Amino acid sequence: MKNYSEEDLARERELMEELKQFDTPTITNVVATYPNDKTNCLGLYHPWDGEWYTDQTLKCMYPELGRVVGYAVTCVYGLPDPDYKRHANIADVVEAINNSPKPVILAVKQNFPERIKNINGLLGGNMMTAFQAAGCVGVLTDGPSRDVDEIRPFGIQYMLTGVTPGHGAFALQATNVPVNICGMSVQPTEIIHMDENGAVKFPREYLEEVVIRAKRVIEKEAKMQAALRKTGGDLEKVKMVFAGVYEFDEKKPEQK
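The sequence shown lines up with residues 629 to 884 when you count with the numbering used here.
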């Protein structure tokens, strides 16, 4: 595993700030959506089966906060087990965030029976305050939560499957283990990019390349959309644009 210097970490923080220029669908385009486009797409995962982005069950609570990027820290919560009392519910998660490079996006797996999970307002204002103080800028979880009104002013992004006002007893089962959050398999220290469209992940060693290719994708799409606006709905011209032709010679009858 690579040892990251302070200079390396500073550079990664700069790159993550640059990534906020782009929405999450643009990042998915770069990571794996179009594997045949070897110029712009890294092809890191199988587009359908790679478990690299979230499904429709995950909802963004604060779309007005915009895009959030950070290093993944993971944890798993479930029902209390009298034979397993190794972890402290909040302190061990705070410790995991403290030990991670910053900023952090916390991926919380809710390992509960479905009936309990559906009524489990797991993460509330107190927990989120502690996590944010340690360096967390976003949280995503595969279950509901609560206190969305209380947490809104914090400025921390919150992505849930829904909301519910209460919960019963729960216990921390693990920190920094692989988890699957709404279809996205997450490993600790992977990069997560999320906005109102959902979340996508990729290995941190590709951070700079993702930024480079995202810029190219945006430039390409800007040219493409400008050309589409000039087609006037002409079917042949639309076909040309999608084939990569963005300029039209109006004097040539074959381009009508």
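Glycine is no exception: its CB is placed at the ideal position from the N, C-alpha and C atoms.
This one's a predicted model, so the numbers in the text were calculated from it and none came from an experiment.
Task: Val791 to Thr667 span [Cα, whole Å] - done: 41 angstroms
TODO: State the beta-bridge partners of Thr769 as determined by DSSP.
DONE: Val736
TODO: Report the rounded CA-to-CA distance for Gly694 versus Leu637, giving the unit in angstroms.
DONE: 23 angstroms
Open item on the list: Quick check on DSSP: helix, strand or coil for Gly706?
Closed with: strand
Open item on the list: Please state the DSSP three-state secondary structure of Leu800.
Closed with: strand
TODO: Have a look at the DSSP bridge pairing and note the partners of Lys829.
DONE: Ile820
TODO: Can you check DSSP and say which residues form a bridge with Tyr712?
DONE: Asp709
Task: Sub-8 angstroms separation of Cys703 and Leu800 beta-carbons - done: yes
Open item on the list: Between which residues of its own chain and Gln815 is the CB-CB distance below 6 angstroms, once the five residues before and five after are set aside?
Closed with: Pro806
Open item on the list: Let's test the definition: count the other Cβ atoms within 10 Å of the Cβ of Pro881 and tell me whether it reaches 16, buried, or not, exposed.
Closed with: Residue placement at Pro881 cannot be trusted, given a pLDDT of 46 that sits under 50; what the coordinates show is reported in the next sentence. It is exposed - the Cβ of Pro881 has fewer than 16 other Cβ atoms within 10 Å.
Open item on the list: Restricting to Cα atoms, I'd like to know which of Tyr705, Gln649 and Tyr632 is closest to Met755.
Closed with: Tyr705
TODO: Please report how far the alpha carbon of Ile846 lies from the alpha carbon of Pro729, in whole angstroms.
DONE: 28 angstroms
TODO: Decide if the segment 666-680 is in contact with the segment 820-838; the criterion is three or more beta carbon pairs, one per stretch, under 8 angstroms apart.
DONE: yes
TODO: Can you tell me the Cβ-Cβ gap for Ile733 and Val776, rounded? I've got them flagged as a contact below 8 angstroms.
DONE: That belief does not hold up - the Cβ atoms of Ile733 and Val776 are roughly 18 angstroms apart, past 8 angstroms.
- [ ] Determine the contact status of Ile725 and Phe759, defining contact as a CB-CB distance below 8 angstroms.
- [x] yes
Open item on the list: Once the 5 residues before and after Thr660 are set aside, which same chain residues still bring their CB inside 8 angstroms of it?
Closed with: With the sequence shown as reference, residue 660 is identified as Ala, and Thr is not the correct amino acid for it. These residues qualify, in order along the chain: Cys669, Leu670, Gly671, Leu672, Tyr673, His674, Pro675, Gly678 and Trp680.
Open item on the list: For a cutoff of 8 angstroms on Cβ pairs, would you count Ala735 as touching chain B?
Closed with: Absence of chain B from the displayed structure is noted, only one protein chain being present.
- [ ] Could you have a look at Val721 and say whether DSSP puts it in helix, strand or coil?
- [x] helix
Task: Status (buried if at least 16 other CB within 10 Å, exposed otherwise) for Ser633 - done: exposed
Task: Top-ranked residue by Cα proximity to Glu640, from Leu835, Met852, Ile744 and Ser773 - done: Leu835
Task: Check whether Thr955 and Ala700 have beta carbons under 8 angstroms apart - done: This structure does not reach residue 955, given that the chain is present from 629 up to 884, and the question cannot be answered.
Task: Beta-carbon contacts of Val839 that lie in its chain and below 7 angstroms, excluding the five residues immediately before and after - done: Leu643, Glu646 and Leu647
Task: Helix, strand or coil at Gln891 according to DSSP, with G and I counted as helix - done: There is no way to answer for residue 891, as the model of the chain reaches only from 629 to 884.
Open item on the list: Judging by CA-CA distance, which residue of Val721, Phe798 and Tyr712 is the nearest neighbour of Ala762?
Closed with: Val721
Open item on the list: To the nearest angstrom, how far is the alpha carbon of Lys867 from that of Glu875?
Closed with: 12 angstroms
Task: Beta bridge counterpart(s) of Gln785 as assigned by DSSP - done: Gly766
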